[in-house]
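One structure is given below, encoded as structure tokens.
Numbering (the numbering used here), first residue to last: 33 to 527.
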């Protein structure tokens, strides 16, 4: 449903992101010819002034503004969607720190498997603080929604980079692999095995740093040295088939740090070729290929790969765990010898998507508005200019932080209702359908009211006439019978 300017402004105030004074100051800062007259014009200006993000504007316009507050965090954007929940970009209202929230919805928490996986990720993330691992700051719950507060990485995952720009150069790929190996070396030293290493779980920021994320499938060792392996039941497969070690596909509980080494080797193949190592039409075909097909040559698939690097790859992806590197430390030593340029790192050439999303969002609103105007004007070719609209917004008495932040403090609960602030906004002249005149009815002759008594008398007369006719007919037949009977002389009349 399309919102008017006053409806959108009232919805915006209800979210607490901006007060009426903030909106009025933003409008007053614009030149007279750019002051908004419709909701989409106000959205465009607020996003341009960094008062709102495109995601926030979309949610408010769609009537979902209440979901922009989660505990102490204000939601800025949606990063992605996974099987366990949604990842959102948010900002702490007091610390002004931008973070990533992994949100587990109320429906997902009813699943015991999802709940155990989320708790496992929280526990694993709490143990790990390393430059090559996404840092977890907190885990909390608000309004029945559980969420994990993580470091926000301004960049993209390696899978997205390869899809956008093609395979990485050998120097860049080896550098990325080394950073991931160092992060995994630290995780293994803390008793955490990732078990889902793949390009999508390796983030690259704009400074060239690789960070590992998503510990939801990690195997965590307790203080007694026993591994917690209650995430999967018998016969269940856990992980990503295209990057999973053969022994992990048989029994995820037996996957150790050498399974991460295997997945990291398969990741190297993808970074240099842009393709998965083993193909198959079905999941079973891929599992069998990882276990039985011979290890392909990286040097043949990617010209320029040295024999030393090809040998490292073959050892990483050996079929049996005993044939692989025993730990990440040994792998890092061999990768260091294969590195040609220690400073090589990929560049992030991702244009800000906020502008594209805003343009698409506003175009959708304008298209819907144009279709409605065309439908209204089809019944009449004339247009009527709409008068200015008077609209009212509640005034917040809170102290609003200054600056261009899109997350100013909202109303405080328990305060008395504020007085209204009224001002007028002129609307654009819109064509209105001309009312169709009603046809003049033709004059009708006056109707005479029928007297019910007359009707009843008439009906009674008809009944009597019918009865008389029946009696006369019977008498005539009787007289005819008397005249024709033998021995009886007919009766004659005398004058």
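Glycine residues also receive a C-beta, built at the ideal position from the N, C-alpha and C atoms.
Buried versus exposed call for residue i [16 or more other C-beta atoms within 10 Å across all chains shown]
i	result
residue 485	exposed
residue 53	exposed
residue 278	buried
residue 315	exposed
residue 358	exposed
residue 65	exposed
residue 329	exposed
residue 332	exposed
Contact with chain C by residue i, beta-carbon distance below 8 Å
i	result
residue 59	Given the protein chain composition of this structure (a single chain), no chain C is represented.
Close-in-space but distant-in-sequence residues of the same chain around residue i (CB under 6 Å, 5 per side omitted)
i	result
residue 67	59
residue 109	85, 87, 121
residue 436	With a pLDDT of 36 at residue 436, under the threshold of 50, the modelled position of that residue is not reliable, and no figure is offered here.
residue 208	242
residue 112	119
Where the beta strand (DSSP E) containing residue i begins and where it ends
i	result
residue 119	118 to 124
residue 275	Looking at the DSSP string, residue 275 is not in any beta strand (DSSP E), and its letter there is neither H nor E.
residue 237	234 to 237
residue 98	That residue, residue 98, is in no beta strand (DSSP E); it is neither H nor E in DSSP.
residue 243	242 to 244
Spatial neighbours of residue i in its chain, beta-carbon cut-off 8 Å, leaving aside the 5 residues before and after
i	result
residue 360	213, 214, 216, 217, 220, 289, 292, 293
Beta carbon of residue i nearer than 8 Å to that of residue j
i	j	result
residue 304	residue 210	no
residue 181	residue 189	no
residue 184	residue 131	yes
residue 295	residue 229	yes
residue 271	residue 284	yes
residue 102	residue 177	yes
residue 236	residue 281	no
residue 337	residue 366	no
residue 107	residue 40	no
residue 49	residue 100	yes
residue 327	residue 349	yes
residue 153	residue 247	yes
residue 287	residue 232	no
residue 238	residue 186	yes
residue 203	residue 363	no
Residues near residue i in its chain [Cβ-Cβ closer than 7 Å; skip 5 each side]
i	result
residue 161	167
residue 117	134, 135, 136, 137, 140
residue 369	340
residue 159	222, 224
residue 205	300, 303, 304
residue 351	278, 323
residue 36	71
Range of the contiguous alpha helix (DSSP H) that encloses residue i
i	result
residue 109	Not the alpha helix (DSSP H): residue 109 falls in the beta strand (DSSP E), residues 105 to 113.
residue 74	71 to 80
residue 37	37 to 47
residue 56	52 to 60
Self-check item: Minimum length 3: unbroken beta strand (DSSP E) runs contained in the segment 130 to 161
Solution: Entirely contained in the segment 130 to 161, the beta strand (DSSP E) runs reaching 3 residues are, in chain order, 130 to 136.
Practice problem: Kindly provide the ranges of any beta strand (DSSP E) runs that are 3 or more residues long and lie completely inside the segment 162 to 199, ordered along the chain. | Solution: You should have 168 to 174, 177 to 183, 187 to 189.
Self-check item: Whole runs of the alpha helix (DSSP H) within the segment 199 to 229, excluding any shorter than 4 residues
Solution: Taken in chain order, the complete alpha helix (DSSP H) segments of 4 or more residues contained in the segment 199 to 229 are 202 to 221.
Practice problem: Can you check the segment 298 to 364 for any alpha helix (DSSP H) of at least 4 residues that lies completely inside it and give the ranges in chain order? | Solution: Segments of the alpha helix (DSSP H) lying fully in the segment 298 to 364: 315 to 324, 330 to 333, 339 to 348.
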